[in-house]
Amino acid sequence: MAKGQKKFRSVGTRPIRHDGIDKVTGRANYGADFALPGMLWGGVLRSPHAHARVLGIDASKALEIEGVKAVITSADLPVIEAGDGPTNFWDLSRNILARDKVLYHGHAVAAVAATTAVIAARALERVEVEYEVLPQVQDVMEAMSPDAPLLHEDMFTKGLDPKPEHPSNVARRMEIARGDLENGFAQANVVVEREFTTRSVHQGYIEPHAVVARTGEDGQVVVWCSSQGHFMVRQYCATVLGLDTSQIKVIPAEIGGGFGGKTTVYLEPLAILLSQRSGRPVKIVMSREEEFRATGPAPGSRIRAKLGARNDGTLTACEAQLYFEAGAFPGSPVMAACMTMLAPYTVENLSLVGYDVCVNKPKTAAYRAPGAPIGSFAIETLIDELAEMLGIDPVDLRLHNAAHEGSQAPYGPKFRRIGYRETLETARAHPQYRTPLERNQGRGVASGFWFNAGMQSSAAVNVNEDGTVQVVSPNPDIGGSRVSLALMAAEELGIDVERVRPVVADTETIGYSDLTGGSRVTFATGMAVVEAARKVIEQLRERAAKIWGIDVSQVEWNEGYALPGQGNGEHDPLSLAEIATSASRTGGTICGNVSLNARGAAPGFATHICDVEVDPETGRVEILRYAAVQDVGKAIHPSYVEGQMQGGVAQGIGWALNEELVYDEDGVLENPGFLDYRIPVASDLPMIDTILVEVANPTHPYGVRGVGEVPIVPPLAAVANAIYAATGVRMRDLPISPPRLVDALDGKHSG
Amino acid sequence: MDPKTHVHTHINGEPVEFLSEAYRSLLEILRDELMLTGTKEGCTTGDCGACSVTLDGRLVCSCLVLAVEAEGRRVGTVEGIARGETLHPVQQKLLEHAALQCGVCTPGIVVAATSLLERNPDPTEREVRYWLAGNLCRCTGYDKIIRAVLDAASELRGASPNVLE
Ligand code: FES
Ligand code: FES
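Residue numbers (this note's numbering), protein chains in the order written: chain A, 1 to 751; chain B, 1001 to 1165.
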């Protein structure tokens, strides 16, 4: 243990999660596992065209089918303003059900509810839609050309001066700049300038979106669904349907993965509307094909980047243009990519320009550290090239330029205590870094950064009459947050974590909280839990003081017991359970409620080492070894921290090697299933070594930093750099699938 | 109304009857008619393994089996793996290794892994990886799942745990 670090009794241990047994026995209820008596089944009609005008919809034939109870189109939705918040509700409403135009293959145009799923499917076939097919555009660069077909005829590029006269598919131009670019490049002894492309990839959670909605005669709505935030679902549904927030109650199901893909609504408003129209509960479950056609993805991109360094390795300047596909509506994470790509480095002169570009693909959704893996892929590859040109070890080159406490992030603020250097030093000392390599094998290194979020969280800690404790969380538990929150409550109260039962509450039983996303739950909701537990301790001390007849200031709380301070007479320590049992006689129930807006989320850094072997005949890349080093602040439950890192690495490897949504020339997705959209399977991967560096976040009571997102950032470049080391071929276009790699290897040999 | 067939089967050792149209999958009947929702649906095309069950002891994707094919056969689902309150070692080890994050792939992994250990009590890491290659997990990167299955195997054999390390 590091000097000065607090000794913990619960934090840092690895108990079995409280919700675990339900999840290994099949008892846990996920989104699609819920049903109600009299329930109808809903289905969604989706556009067969990537871009078309909707001239008319005739549902009369569908309604003639016995068992069909309701059909809705965008005409049933109120027309919504964009609003001032971060979510554009005009877009959201049109993404849920197309109005006037369909903007991607799979865009929802109508929904039905019927007594069985089969009848609902047959009814969808009988809904007649008249389309005027329009030219469409898939590629981000083509979409930017002046004669490209326009998705939104009234969209003018924001961020340009003067304001443009003609509409464009470019929603926004943004820029981060500092220093003097020209001067910076003039100082450089070596400069590399390259282009990179990445394809649309899907979050690929295993559980499809699912919802059951029930409306009552009193106008009250109850929604059961799996999402990354039931308060978000409530707000979004209320807004797009024109209901009061208080009319909607959302009960969270267990969530079968999200990775950012469940941070918006697709089905929930449709199910509510169909329930209102039919007077019956309505269930809708997406098929995997619908998931691929109409949800997610993370953007495809093109990046041109230029990086200069002096002979000693000092990075002097960076210039980059990033073009991201927003999909059908604006909102790609291109700004986040600009903000994160150079965050690990102290480059004084830079200009990073991002373009958010609409194309005829589904509206992009968040995907784990949104934008960061794409920007980092470019920068971390360039750094690898510079390291080779300068003859400097790639870890040493990064160390030479590493951001540190006090250095200024490209996006503005000065870093407080961060652990980037520690991740580099740990990686350099890792045995994998020196493991000998054989023919066709190579090693790559890359680093990554993510902000991590704070935001609004609520929590309650309730003491039961027998001294067990309930921790009430507002956040769906995607990866073990219940047990992490319970560990923090147990730590504060000084009781065993088995005596603490964490629960996830619905929108009516706990205060508002922001999404499960941004790696924020263990940090921000964890802070709320710690504060709530401290409120409970105050009450426990007051009760003990009352029982003993001494002043509360004289009562200490230590390891689960109230103790009378020196000179307050002879009293046996009172356990939490003893105080709880007598609570009704000392003032009533003991509980603590806290709502906060957490500040001081601390950024996370990671450095990964990847060893590959390339089969030169087939272009197949095998991951031989992988080590992920990350500054996690403080691991509350180390196993789940390791799990986050391993899962992020696996997703990053999939992104690097295989995953891409393939659209044909008409904008039709050609691989809407797990057979052809190939995510890593067990036989594709080795064990993934994880090394947790703990540089405490000074603003969190236990030093927690978010951990869930950083691990997907480095793998793209780590894999590509390893492939270069193995083959001598630089792969700057993802994914590095076998046919592409074979082509590149052939090109190298013939050229 | 489409015609239905009366199907007689055993599920987790108990006699069960149901009616099904010819086109419905065993997965649909298990989940939507029999309320055995422990078996999950991730794709309905045989690609994810979330719907894994055993049919006469053989591991299958229940989304690819027609419900009427269960006539006269034994179906095993995740709900039948634990004995009363005692978890199967595979379940226990998955918990101890924290080998689930969201947990939606877990029922399929539990069924597939117990099926593996029944026929191969001493699998290598590679054998476990290939056997589970049909069970997609997007959360864990498989590392802890593989360790848990190997650990369960050694416990079942009565050997000392910790095959790796
Ligand atoms: S649901 Fe059967 S394999 Fe995916
Ligand atoms: S734990 Fe989420 S898919 Fe496996």
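Ideal Cβ placement from N, Cα and C applies to all residues, glycine included.
In this text the structure is predicted, and so the values were computed from the model without any measurement.
Not one heavy atom of ligand 2 lies closer than 7 Å to the C-beta of A:Gly216. Under the Cβ criterion of 8 Å, B:Arg1083 is not counted among the residues facing chain A.
Within its own chain, the residues whose Cβ lies closer than 8 Å to the Cβ of A:Ala98, once the five positions on either side in sequence are excluded, are Ser47, Val54, Ser74, His107, Ala108, Val109, listed in chain order.
Here A:Ile379 is not near A:Thr522, since their CB atoms are 8 Å or more apart.
Under the criterion of beta carbons closer than 8 Å, A:Ala337 and A:Gly371 qualify as touching, at roughly 4 Å.
Going by beta carbons, B:Ala1113 and B:Leu1132 fall inside the 8 Å limit.
Note that the C-beta distance between A:Val192 and A:Leu386 is below 8 Å. With a beta-carbon spacing of about 6 Å, A:Phe259 and A:Tyr367 fall inside the 8 Å limit used to define contacts. By alpha-carbon distance to A:Thr198, the top candidate from A:Lys748, A:Val530, A:Pro735, A:Asp743 is A:Pro735. Taken in chain order, the complete beta strand (DSSP E) segments of 3 or more residues contained in the stretch 488–570 of chain A are 500–504, 555–558, 561–564. For B:Asp1151, the uninterrupted alpha helix (DSSP H) run begins and ends at 1143–1157, by DSSP.
The beta carbons of A:Lys363 and A:Gly331 sit closer together than 8 Å.
Flagged as an interface residue toward chain B: A:Phe674, by a C-beta distance shorter than 8 Å.
Residues of chain B whose Cβ lies closer than 8 Å to the Cβ of A:Ser639 are, in chain order, His1097, Ala1098, Lys1144. Less than 8 Å separates the beta-carbon of A:Gly31 from that of A:His209. At a cut-off of 8 Å between C-beta atoms, B:Gly1013 does not count as an interface residue with respect to chain A. With respect to chain B, the C-beta atom of A:Arg368 has no partner C-beta closer than 8 Å. Counting only runs of 3 or more residues that sit fully inside the stretch 325–407 of chain A, the beta strand (DSSP E) segments are 349–358, in chain order.
From the beta-carbon of A:Tyr236, no residue of chain B is found nearer than 8 Å; the closest lies around 22 Å away.
Its Cα nearest to that of A:Phe196, the residue A:Ala656 stands out among A:Pro739, A:Val695, A:Leu685, A:Ala656. Per the DSSP secondary-structure output, A:Ser582 pairs with nothing in a beta bridge. Its chain contains Ala1153, Arg1157 as the residues whose beta carbon lies nearer than 7 Å to that of B:Asp1122, once the 5 sequence neighbours on both sides are disregarded; these appear in chain order.
Residue environment for B:Met1001: exposed (fewer than 16 other C-beta atoms within 10 angstroms of its C-beta). A:Ile21 has its CB no nearer than 7 Å to any heavy atom of ligand 2.
The beta-carbon of A:Asp218 is placed no less than 8 Å from the nearest beta-carbon of chain B. Look at the beta carbons and you see the stretch 1019–1037 of chain B not touching the stretch 645–656 of chain A: under three pairs across the two are nearer than 8 Å.
Taking all protein chains in view, the Cβ of A:Ser584 is surrounded by fewer than 16 other Cβ atoms within 10 Å, so the residue is classified as exposed. In the three-state reduction of the DSSP assignment, A:Asn95 falls in the helix class. For B:Lys1040, the chain A residues whose C-beta falls within less than 9 Å of its own C-beta are Gly26, Tyr30, Ala32, Asp33, Ile206, Glu207, Gly256, listed in chain order. In summary, A:Ala429 is exposed, with fewer than 16 beta-carbon neighbours lying within 10 Å of its beta-carbon over all protein chains present. Chain order gives the chain B residues near A:Lys23 as Leu1100, Gly1103, Thr1106, where near means a beta carbon separation below 7 Å. Taking C-beta atoms under 8 Å as the contact rule, A:Gly257 and B:Cys1139 qualify, at a distance of about 6 Å.
The way I'd put it, the stretch 1010–1018 of chain B does touch the stretch 1068–1086 of chain B; three or more beta-carbon pairs between them come closer than 8 Å. Residue pairing by DSSP places B:Thr1086 opposite B:Arg1083 in a beta bridge. Distances from the CA of A:Ala238 to each of A:Pro410, A:Gln441, A:Ala271, A:Ala35 were compared; the closest alpha carbon is that of A:Ala271.
Rounded to the nearest whole angstrom, the C-alpha separation of B:His1097 and A:Ala121 is 42 Å.
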